[in-house]
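Numbering (the working numbering), first residue to last: 36 to 470. Data first, discussion second: the structure below is written as structure tokens.
Below, the structure written as structure tokens:
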């Protein structure tokens, strides 16, 4: 095998990988480089990157929950209204009930879980399509937000604002950087190295040939380079700013949900239901439980996103949450989820969300009007979905459904006869059934 074939196979995680299968990653890089040139280096400046994470973290959090809903074969149109409703309830609980802000956050998560469970009941146990349930929820909770808040803004206390507008504090000696951000960057670098080493060890234990050392070195160099660059940018902001607290919350959620969807039976059940619900049910998957869970989980994450936005804005208002569901759905589809369900990754949704965020940010830096920004974002979403559909019609792997393969584990988890099919198997079974 040539060095080029080794690189293509091992760096991107599969023999059939090619540049088109990783189109969104390359699109993200192209957007960054384009606007970096057009804005004379402003796009990748510390201040702008910190602002992007702070401004769009709540949308990226929504995209995590929306990914699981869409993979299971549903859609949720109510997340913006649920986020706004939770925001006003939490703000009122602190201003009128004198609830301490940590307790208010816990209360908000409970409210989100209750709303998600309410909608999950109608979807999972009554059988009403999620589109209809969440459309009703969008109207219901939007009206409830304005009814409870009397269409006024409700301020929130300083402590609560830290989850949306706070940064890692300055500690230790004056190094010219935020020391806590540097420490997190070092831990991230160590995690990347350990992950690569463990992947090689596991493949050797399974009797499979690990990637050539030089390929692993290139992969490590690329990933470490990205981590180090991001660390220095976030640590090198103006005094008082660094990695946003909302960015840390987002990172924790990405790691936790990536592990859940890839490495647990519950995560595999979600993919199995979306790929072929009938086959999943015959494999022992409890469809109602899965559908109830993804809707409830979406409510919790919508509540968290709403609280982060309110904290960043320092007040809850009647216009909070408008069109958030559209941004979250766009991030998921652009990041690799199949329109028919059964495909998609958490990390892919984050990439899709970053494509939209940096595109929006770059156009704003260039002074493009909001009307044209919306038109361009709509065309990007349509193009991504069209490429996915056309690619599957031609019998190939989904382009955007496979873009995050290099970030998945190098080995497949062991299965037995009682286990539901993997996401790829589910999709193949679905194609065979419909074909």
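Positions of the beta carbon are idealized from the N, C-alpha and C atoms, including for glycine.
Spatial neighbours of residue 155 in its own chain (CB-CB distance under 6 Å, excluding positions within 5 residues in sequence) are listed in chain order as 327, 330 and 331. Taking one beta carbon from each stretch, the stretch 210-219 and the stretch 353-365 have fewer than 3 pairs nearer than 8 Å; the two do not touch. When the Cα atoms are used, residue 187 and residue 305 turn out to be separated by approximately 40 Å. In the DSSP assignment, residue 380 falls outside any alpha helix (DSSP H), carrying neither H nor E. By the neighbour-count criterion, in which a residue is buried when 16 or more other Cβ atoms sit within 10 angstroms of its Cβ, residue 344 is buried. By DSSP's assignment, residue 351 forms a beta bridge with 189. In this structure, DSSP gives residue 137 a helical state, which the three-state scheme calls helix.
A Cβ-Cβ contact shorter than 8 Å links residue 172 with residue 113. Here the C-alpha atom of residue 414 lies approximately 21 Å from the C-alpha atom of residue 379. Between residue 121 and residue 151 the beta-carbon gap is near 11 Å, outside 8 Å, which marks them as no contact. Contact check for residue 78 and residue 400: beta-carbon distance about 7 Å, within the 8 Å limit, so the pair qualifies. Shortest Cα-Cα distance from residue 73 to any of 396, 131 and 111 involves 396. If you draw a straight line from the Cα of residue 201 to the Cα of residue 239, it comes to about 45 Å.
For the 8 Å CB-CB criterion, residue 91 and residue 350 do not form a contact. Of the candidates 110, 204 and 124, the residue whose Cα lies closest to the Cα of residue 164 is 110. Contact between residue 336 and residue 96 holds, since their C-beta atoms are separated by about 6 Å, short of 8 Å. Here the stretch 181-195 makes contact with the stretch 123-131; the two share three or more CB pairs at distances below 8 Å. The continuous alpha helix (DSSP H) containing residue 123 extends over residues 114-130. Taking C-beta separations shorter than 8 Å and ignoring five residues to either side along the sequence, the partners of residue 103 in its chain run 292, 296, 305, 329, 332 and 333, following chain order. As DSSP reads the structure, residue 279 sits in a beta bridge with 202.
Nearest C-alpha to residue 81 among 276, 314 and 206: 276. The three-state reading of DSSP puts residue 405 in helix, counting H, G and I together. Bounds of the alpha helix (DSSP H) holding residue 83 are 81-106.
Contact between residue 266 and residue 220 holds: their C-beta atoms lie close to 3 Å from each other, under 8 Å. Collapsing the DSSP output to three states places residue 110 in coil. Boundaries cannot be given for residue 209, as no alpha helix (DSSP H) includes it and DSSP labels it neither H nor E.
By the Cβ neighbour-count rule, residue 264 is exposed, with fewer than 16 other Cβ atoms within 10 Å of its own.
When DSSP states are grouped into helix, strand and coil, residue 225 belongs to the helix group.
Nearest in C-alpha terms to residue 223, of all of 283, 381 and 302, is 283. Straight across, the Cα-Cα distance linking residue 251 with residue 160 is about 48 Å. Per DSSP, reduced to three states, the secondary structure at residue 356 is coil, with no helix or strand assignment.
Check the Cα spacing between residue 119 and each of 387, 217, 390 and 340: the tightest is with 340. For the set 317, 229 and 149, the Cα lying nearest the Cα of residue 258 is the one of 229.
For residue 244, the secondary structure class from DSSP, reduced to helix, strand or coil, is coil. Spanning the alpha carbons of residue 207 and residue 271 requires a straight line of approximately 15 Å.
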